[in-house]
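The structure appears right after this line, and notes come after that.
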Amino acid sequence: MAKPTKTPPSDAQLEYWLGRNLRRATNAVVADFMEEFAQFDLRPAQFTVLVAVENNPGASGAELSEWMDVPRTNTVVVLRELEDRGLIERSATDQRTQAIALTRKGKELMPRLHAAHARHRRNFDAMMSREEKELLIALLSRIWRPDRAARPAAAQKAKRTRS
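In terms of the numbering used here, the sequence shown opens at residue -18 and continues consecutively.
Laid out in structure tokens, this is it:
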């Protein structure tokens, strides 16, 4: 019996798949970030945590997780990596909570990280006008924002499960 031939989606079909376009955009943004930050050997999550700690010295890991909207277990891993590199320090404020702050080494590194991030942002700002960028961010936020009830499919599913 002959195997049926498989036909992959055409480029024209793929062009309109939202997930594919989001993935390609994410890949481009992350690749550019990694290039700009190569000399620091930092991933986007690590930079985000460093900025959050810089802006909120003494915050706890739970607070950082909440502010960045990431699972606490992910934040714990990143905090450990940054602590191992001597960029942050954790001091116990009580038995359960640790206040997190940049070390001297971390503070000294931040201006260079901000400069790399500014270059990274400029690389993408050059691709669109300010208005286009604001629109893109607004449209993307509709997809990920916590207000899932505003999404028709989620609202319909919620109604069905309550019935």
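All C-beta atoms in this analysis are idealised placements derived from N, C-alpha and C, irrespective of residue type, glycine included. Being a predicted model, the structure only gives us computed values, none of them experimental.
{"Asked": "Simplified DSSP state of Arg66, which is helix, strand or coil", "Found": "coil"}
{"Asked": "Residue range of the unbroken alpha helix (DSSP H) whose run includes Gln27", "Found": "Pro25 to Asn36"}
{"Asked": "Per DSSP, cross-strand counterpart(s) of Ile81", "Found": "Ala40 and Arg71"}
{"Asked": "3-residue-minimum beta strand (DSSP E) runs that sit fully inside the segment 77 to 128, ordered along the chain", "Found": "79 to 83"}
{"Asked": "Residues of its chain near Val59, where Cβ-Cβ distance is below 6 Å and the 5 sequence neighbours each way are ignored", "Found": "Ala26, Gln27 and Val30"}
{"Asked": "Among Pro(-11), Arg103 and His95, the one whose alpha carbon lies nearest that of Asn36", "Found": "His95"}
{"Asked": "Beta carbon of Phe14 nearer than 9 Å to that of Leu90", "Found": "no"}
{"Asked": "Test item: CB-CB of Trp210 and Pro(-10) under 9 Å", "Found": "The structure shown does not extend to residue 210, since the chain spans only -18 to 144, so no value can be given for it."}
{"Asked": "Test item: CB-CB of Ser41 and Gln(-6) under 9 Å", "Found": "no"}
{"Asked": "Cα-Cα separation, Leu83 to Glu17", "Found": "22 Å"}
{"Asked": "Sequence-distant residues of the same chain with beta carbon closer than 7 Å to Ile118, five excluded per side", "Found": "none"}
{"Asked": "Length of the line joining the Cα atoms of Val51 and Arg61", "Found": "16 Å"}
{"Asked": "Contacts around Leu45, its chain only, beta-carbon distance under 6 Å, and the 5 residues preceding and following it disregarded", "Found": "Ala33 and Thr56"}
{"Asked": "Selected residue, minimal CA-CA separation from Thr7, among Phe105, Asp128 and Arg111", "Found": "Phe105"}
{"Asked": "Selected residue, minimal CA-CA separation from Ile148, among Pro38, Leu116 and Glu113", "Found": "This structure cannot speak to residue 148, because the chain is shown only from -18 to 144."}
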